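Reviewing the structure listed below.
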Amino acid sequence: MTVPPPGPAGPTTLLVIAKEPVPGRVKTRLTPPYTPAEAAVLAEAAVADTLWAVRAMPARRRVLVLDGRPGPWLPPGFEIVPQCAGGLDERLAAAFAGCTGPALLVGMDTPQLAPRLLAPALGPDGWTRCDAWFGPARDGGFWALGLAEPRPGLLRGVPMSTAETGAVQRHRLVAAGLRVRDLPALRDVDTAADAAEVASAAPGSRFARALSAMRPRGEVPAARDARDRNARRAAGERPC
Numbered sequence: 001m002t003v004p005p006p007g008p009a010g011p012t013t014l015l016v017i018a019k020e021p022v023p024g025r026v027k028t029r030l031t032p033p034y035t036p037a038e039a040a041v042l043a044e045a046a047v048a049d050t051l052w053a054v055r056a057m058p059a060r061r062r063v064l065v066l067d068g069r070p071g072p073w074l075p076p077g078f079e080i081v082p083q084c085a086g087g088l089d090e091r092l093a094a095a096f097a098g099c100t101g102p103a104l105l106v107g108m109d110t111p112q113l114a115p116r117l118l119a120p121a122l123g124p125d126g127w128t129r130c131d132a133w134f135g136p137a138r139d140g141g142f143w144a145l146g147l148a149e150p151r152p153g154l155l156r157g158v159p160m161s162t163a164e165t166g167a168v169q170r171h172r173l174v175a176a177g178l179r180v181r182d183l184p185a186l187r188d189v190d191t192a193a194d195a196a197e198v199a200s201a202a203p204g205s206r207f208a209r210a211l212s213a214m215r216p217r218g219e220v221p222a223a224r225d226a227r228d229r230n231a232r233r234a235a236g237e238r239p240c
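Note that the working numbering has the sequence shown beginning at 1, numbered continuously upward.
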């Protein structure tokens, strides 16, 4: 398979924070209805979709901040930096601390990520009259954070994985006097219903293909219906 060339050079370091997709260590909220092995397959697809999307974007550097070891899901062109010890706020702060100049970080929970979603931040005027970019997640967290200059202290102490995480983080940015611009809100993948909705929104993704191949036990109707819609789209069937 011919590997497409990476995106053009740009002023921004792109960071992806992720875990090695090991069963029992990733996407644990998908179990049940999915098995730990199936959850790991979905996590691998999600991180691969994310990394290939980031590879296509303009960047100064592309850095994978990884908990674990890289695998065949890693495309070429990424530097690998191990995650530091500590809570998620400390690990995010450390990722920014390793950068100079503008940096933008995303996670592995939004496989629907596409270059167009970050185009406002990565375009030629992305940092003009802007000090920070913020991508809210629909569960109250955030899926993207960009800083014109690394300021790790803006992340330390922010309560992570709560319904208020995004609001607290954005308030930190504003309170520090930063000019903040917002990216579109995205749904990240935590639960089976999330997985079905995200796969439906990105039917051509690795994540959607992986999900469509699975038949989870005790599947909730909303997840089943969204997955079936995605399978029909992949097969070329027109929706009713």
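Note that CB positions come from ideal geometry on N, CA and C, so glycine has one too. Everything numeric in this text was worked out from a predicted model, so none of it was measured.
In the DSSP assignment, residue 127 falls outside any alpha helix (DSSP H) and carries neither an H nor an E. Contact between the region 133-145 and the region 165-175 is established, with three or more Cβ pairs separated by less than 8 Å. Linking residue 57 to residue 80 through their CA atoms gives a straight-line distance of about 18 Å.
Beta-bridge analysis with DSSP links residue 13 to 61 and 103. Closest by C-alpha distance to residue 49, out of 193, 133, 199 and 88, is 199.
The alpha carbon of residue 96 has as its nearest neighbour, out of 72, 63, 116 and 127, the alpha carbon of 63.
Taking the Cα positions, residue 98 is about 19 Å away from residue 69. Its Cα nearest to that of residue 15, the residue 102 stands out among 5, 45, 36 and 102. For residue 142, the enclosing beta strand (DSSP E) stretches over residues 142-147. Just measuring C-alpha positions, the residue of 125, 65 and 4 sitting nearest residue 19 is 65. Residue 5 and residue 72 have their C-alpha atoms roughly 18 Å apart.
Secondary structure of residue 32 (DSSP, three-state): coil. Under the DSSP assignment, residue 197 falls in the alpha helix (DSSP H) whose first and last residues are 192-201. With a contact defined as Cβ atoms closer than 8 Å, residue 137 and residue 185 qualify at about 7 Å. For residue 89, no beta strand (DSSP E) segment is defined; the enclosing uninterrupted segment is the alpha helix (DSSP H) at 88-97.
From the listed residues 146, 85, 105 and 169, the smallest Cα separation to residue 132 is found for 146. Nearest Cα to residue 47 within the set 37, 88 and 106: 106. In chain order, 36 and 39 place their CB closer than 8 Å to the CB of residue 28, counting only its own chain and leaving out the 5 sequence neighbours on each side. In the three-state scheme derived from DSSP, where H, G and I count as helix and E and B as strand, residue 109 is classed as coil. The shortest C-alpha to C-alpha distance from residue 112 to any of 209, 3, 11 and 13 is the one to 209. For residue 138, there is no enclosing beta strand (DSSP E), as DSSP gives it neither H nor E. Taking C-beta separations shorter than 6 Å and ignoring five residues to either side along the sequence, the partners of residue 44 in its chain run 21 and 73, following chain order. Sixteen is the threshold: since fewer than 16 other Cβ atoms of the shown chains lie within 10 Å of the Cβ of residue 161, the residue is exposed. At a Cβ-Cβ threshold of 8 Å, residue 55 and residue 10 do not count as neighbours.
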